[in-house]
Structure formats: structure tokens, C-alpha cells
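What follows is a set of notes on a single structure, which appears directly below.
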Amino acid sequence: MSKLNIRTVDVVQYVTPLREGGSLPAIVKASDDFLYVLKFRGAGQGKKALIAEFIGGELARAIGLKVPELVFMNLDDSFSKTEPDEEIQDLLKFSVGLNLGLHYLSGSITFDPLASVADAKTASKLVLLDSIISNIDRTAKNPNVLNWNKELWVIDNGASFYFHHNWETWENHLTKTFPLIKDHVLLNRATDLDLAAKDIINALDQDTIKNIIDTIPENWLINESDTFTPDQIRAAYIKYLNTRLSKIDSLVKEAKDAR
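Every letter in the sequence shown is one number past the one before it in full-length UniProt numbering, and letter 63, counting from 1, is 63.
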């Protein structure tokens with residue numbers, strides 16, 4: 001089993017909550033002295049949001065998009081004991097163990113559809129990627145992309161792969177396209193969809209997809225409500241992605257029609 005080389009660090013300081021997100025991510029300092037945006041396993045959508053964040057981020061990186069470094073972050077139980085805010089205290093308590101961090105881009109600004117920079121090829125790649133991973137949360141209301149150093153950076157893929165919240169019916173999603181692409185924040189700028197599709201197909205070969213899925217921590221794949229084993233879940237993600245890639249022409253047409 002080949003895996004990506006993802007670093008693991010320890011949380012050493014809880015700096016501040018980011019209250020604009022429904023799941024209360026936080027800026028934290030890690031044992032490598034860098035700041036990260038920490039996504040908690042104890043938040044609303046739990047470990048499945050971390051899985052979606054991880055797969056979506058590493059797929060984006062694989063196709064040449066800018067993504068902050070993703071790291072696995074160990075959180076111990078000491079932080080919840082010193083936190084005065086009860087809501088955050090509970091979140092910290094339920095998140096002891098391995099979480100996910102994104103390198104904090106200091107000075108970045110949220111993408112503004114009217115004013116920010118985004119070239120056609122980058123926009124087209126991200127539109128198609130979000131169609132592939134069924135990301136329902138990259139809209140003008142909530143762009144989930146940043147401008148940093150005059151470049152577009154992709155963050156927050158946690159609302160992707162929504163089929164994984166019910167494994168009993170997940171295969172129903174294999175035949176669907178993604179009509180919600182009509183609401184994508186970058187759709188109007190996505191004028192290089194055919195070229196982007198070729199780049200994506202070339203970048204996301206079988207080994208690349210398998211390496212990403214094999215790197216998901218085993219513990220994240222274990223939920224009391226799931227009837228699937230971790231191996232079955234990994235196989236499902238791989239099948240889903242390969243099926244989506246096999247119908248990328250349909251996703252391109254859907255995006256063009258929506259634009």
C-alpha cells in the first residue's frame with residue numbers, strides 16, 4: 001500500500017476559534033512552530049468532513065491547484081480542561097486524537113467574485129474537480145477559496161462526497177452528474193473546461209487516487225453508524241472517483257450548459 005507523505009504534528013497552543021465556520025475550526029500552533037487551521041473530528045459532520053477535506057485537498061494538489069499543506073494533528077485532552085468557553089470545551093473534548101490541519105495563510109483574503117484574481121484554467125480545473133467530488137459548498141455566498149500572494153488557493157472541501165453519510169445508498173450516486181455546479185463561484189470564469197478535463201484525466205491516474213485514499217487514517221474510517229469496513233469504504237471512494245472521471249465529458253457539458 002503506497003501512501004502520501006503527510007506530516008503528523010502535535011497541537012501545542014489553541015490560539016483562537018474561527019467563528020465564521022459552522023464547525024468552529026480554530027487557529028492553532030503546532031509542535032513545528034507553524035500556525036494551522038485545525039479541523040476537528042468532534043465537529044458537526046465529524047470524521048467524514050475530515051476525510052472529504054483531505055481527499056478533496058490532495059486531489060486539488062494533484063491536478064496542479066494551490067492548496068495549503070495538509071497535516072495530521074494530534075490533540076491531547078489538556079486543552080479542553082483549560083478552555084472556559086463550554087461550546088469550545090466540548091469540541092476539544094470530543095476531538096482528542098488525530099485531526100486535520102491546513103497551513104495557515106497569514107494575510108490571505110477571501111475570494112471576491114467581483115474583484116479577485118482567477119485565471120480561466122485554474123477556474124475550470126476547480127469547477128470540474130468540485131463536480132467530480134460533489135462539493136456543494138463553493139458558492140458566491142461561501143467561496144471557500146482564498147487569494148494569497150496574488151494566487152488562488154483552495155480550502156474547505158469538507159462538504160464534498162455527501163453520499164458517504166449513508167453507505168447503504170452510496171452506489172445510487174455513481175450514475176448522477178452534479179447539477180449544483182450552476183451555483184459555483186468560479187463558473188463564469190471557467191472557460192477552459194475541455195483543456196482542464198484533459199489535465200485532470202492525465203493527473204488522476206489509478207495510482208494517484210489509490211495513494212490518496214490509502215493515506216486516510218484508519219481511525220477516521222471507523223464509525224458506529226457505518227456497516228462498511230474501512231477496506232470497503234476505501235474501495236467505495238476509489239470506485240466513485242474512477243466512475244466520475246470516466247464520465248468527465250458529461251460533467252464538462254453540464255458545466256458549459258450551466259454557464
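We treat Cβ as the ideally placed atom computed from N, Cα and C, and that holds for glycine.
Inset, instruction - Would you check if there are 3 or more beta carbon pairs closer than 8 Å linking the stretch 242 to 257 to the stretch 188 to 202? - result: yes
Inset, instruction - Please list the segments of the alpha helix (DSSP H) lying wholly inside the stretch 193 to 252, counting only runs of 4 or more residues, in order along the chain. - result: 193 to 203, 206 to 214 and 230 to 246
Inset, instruction - Whole angstroms is fine: what's the gap from Ala30's alpha carbon to Thr175's? - result: 42 Å
Inset, instruction - Report the residue from Ser78, Tyr104 and Gly107 whose alpha carbon sits nearest the alpha carbon of Val96. - result: Ser78
Legend entry - Where Ala255 falls: helix, strand or coil (DSSP): helix
Legend entry - Residue range of the beta strand (DSSP E) that includes Asp10: Thr8 to Pro17
Inset, instruction - Could you spell out where the beta strand (DSSP E) holding Glu86 opens and where it closes? - result: Not the beta strand (DSSP E): Glu86 falls in the alpha helix (DSSP H), residues Glu86 to Phe94.
Inset, instruction - With a threshold of 16 other CB atoms inside 10 Å of the CB of residue 332, please say whether the residue is buried or exposed. - result: No answer is possible for residue 332: the residues shown for the chain start at 1 and end at 259.
Inset, instruction - Within the stretch 115 to 161, note down every full beta strand (DSSP E) run reaching 3 residues or more, in order along the chain. - result: 145 to 148 and 151 to 154
Inset, instruction - Can you tell me which of the three DSSP states Thr191 falls into? - result: coil
Legend entry - Given Gln13 as reference, the closest of Gly44, Val145, Leu38 and Arg138 once Cα atoms are compared: Leu38
Legend entry - Proximity winner among Leu4, Arg61, Asp33 and Phe40, relative to Leu18 (alpha-carbon distances): Phe40
Inset, instruction - State whether the stretch 149 to 160 contacts the stretch 48 to 57, with contact taken as three or more CB pairs (one from each stretch) at a distance under 8 Å. - result: yes
Legend entry - Proximity to Lys239 [Cα-Cα], best of Asn223, Asn219, Ala255 and His173: His173
Inset, instruction - Please determine, among Ala236, Gln89, Asp10 and Ala140, the residue with the shortest C-alpha to C-alpha distance to Pro113. - result: Ala140
Legend entry - Residue burial classification, Val117 (beta-carbon count within 10 angstroms, cutoff 16): exposed
Legend entry - For Thr110: DSSP bridge partner residues: Leu146
Legend entry - Cβ contact check for the stretch 227 to 236 and the stretch 199 to 207: 3 or more pairs under 8 Å: no
Inset, instruction - Can you give me the start and stop residues for the beta strand (DSSP E) that Gly101 sits inside? - result: Gly97 to His103
Legend entry - Helix, strand or coil at Ala26 according to DSSP, with G and I counted as helix: strand
Inset, instruction - Give the secondary structure of Phe54 by DSSP, where H, G and I count as helix, E and B as strand, and everything else as coil. - result: helix
Inset, instruction - Report all residues from its chain with a CB closer than 7 Å to the CB of Asn147; omit the five preceding and five following residues, and keep chain order. - result: Ser108, Ile109, Phe111, Ser116 and Val117
Inset, instruction - Verify whether the separation of the beta carbon atoms of Leu105 and Met73 is less than 8 Å. - result: no
Inset, instruction - Using a threshold of 8 Å, state whether the C-beta atoms of Leu59 and Ile133 are closer than that. - result: yes
Inset, instruction - Pull up the distance between the alpha-carbon of Glu83 and that of Gln89, whole angstroms please. - result: 5 Å
Inset, instruction - Report the partner residues of Phe72 according to the DSSP bridge assignment. - result: Thr8 and Leu100
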